[in-house]
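Numbering (my numbering), first residue to last: 405 to 530.
Notes to accompany the following structure.
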Amino acid sequence: MQTIKDEFFGGDVVDHELVEFIRSLRRRFHVGLISNAWDGMRPHLERTGLIELFETVIISAEVGVMKPEAKIYHLALEQAQVEAGEAVFVDDMPANIAACESIGMKGVLFKDPRVAMEALKKLLKV
405 MQTIKDEFFG GDVVDHELVE FIRSLRRRFH VGLISNAWDG MRPHLERTGL
455 IELFETVIIS AEVGVMKPEA KIYHLALEQA QVEAGEAVFV DDMPANIAAC
505 ESIGMKGVLF KDPRVAMEAL KKLLKV
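Structure below.
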């Protein structure tokens, strides 16, 4: 199983511009992560240092619920201590965007990092 996980992450390349953008958002906003992943995701984020980008990290295997179930978004809102109308969720799956919007969050569909960053800048007025 570890080999499969290693191969899964093996091709990942860190987008440094995106990382710096997330860091800049942390100065003004609570930044969190919701991931449909196995319990090995948290150690991976810790090893890569990416976990430091997020104040809240919710991993489906750890909480027993997955996107697009509304419960995972409510859990994120509770942990971040924000109302749905104050939250913006970014994801690459249209079903997950629709789910977050159905509970009152704003959604940004992630297909291209630059396009997503521009959409976030507009929404957040940064």
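Even for Gly, the Cβ is constructed at its ideal location relative to N, Cα and C.
Do you know how far the Cα of residue j is from the Cα of residue i?
{"i": "M445", "j": "M521", "result": "24 Å"}
{"i": "M405", "j": "H448", "result": "Because the pLDDT of M405 is 49, which lies under 50, any placement of that residue in the model is unreliable, and the number read from its coordinates should be weighed accordingly. Going from the Cα of M405 to the Cα of H448 covers about 14 Å."}
{"i": "I463", "j": "D496", "result": "16 Å"}
{"i": "D516", "j": "V530", "result": "19 Å"}
{"i": "L528", "j": "E421", "result": "18 Å"}
{"i": "E411", "j": "L454", "result": "With a pLDDT of 47 at E411, under the threshold of 50, the modelled position of this residue cannot be trusted; read the value that follows with caution. Between E411 and L454, the C-alpha separation is close to 18 Å."}
{"i": "A465", "j": "E505", "result": "23 Å"}
{"i": "V469", "j": "A441", "result": "10 Å"}
{"i": "D416", "j": "L513", "result": "20 Å"}
Applying the 10 Å Cβ sphere with the 16-neighbour rule, what's the burial state of residue i?
{"i": "A480", "result": "buried"}
{"i": "K471", "result": "buried"}
{"i": "L524", "result": "buried"}
{"i": "A491", "result": "buried"}
{"i": "V494", "result": "buried"}
Whole-angstrom Cβ separation of residue i and residue j, contact assumed at under 8 Å?
{"i": "G436", "j": "A488", "result": "The Cβ separation is near 13 Å, so there is no contact."}
{"i": "H434", "j": "T460", "result": "7 Å"}
{"i": "H478", "j": "I507", "result": "7 Å"}
Thinking C-alpha only, which one of the options is nearest residue i?
{"i": "I438", "options": "V467, L528, K526 and R430", "result": "V467"}
{"i": "E456", "options": "L429, K475 and I476", "result": "L429"}
{"i": "V423", "options": "R432, F458, V512 and E450", "result": "F458"}
Handout entry: Length-filtered (4 minimum) alpha helix (DSSP H) runs lying within the region 423-477
Key = Runs of alpha helix (DSSP H) with 4 or more residues, each lying fully within the region 423-477, are found at 445-452 and 464-467, listed in chain order.
Problem - Secondary structure, alpha helix (DSSP H): runs of 4+ residues fully inside the region 474-509 - result: Complete alpha helix (DSSP H) runs here, min 4: 474-484 and 498-506.
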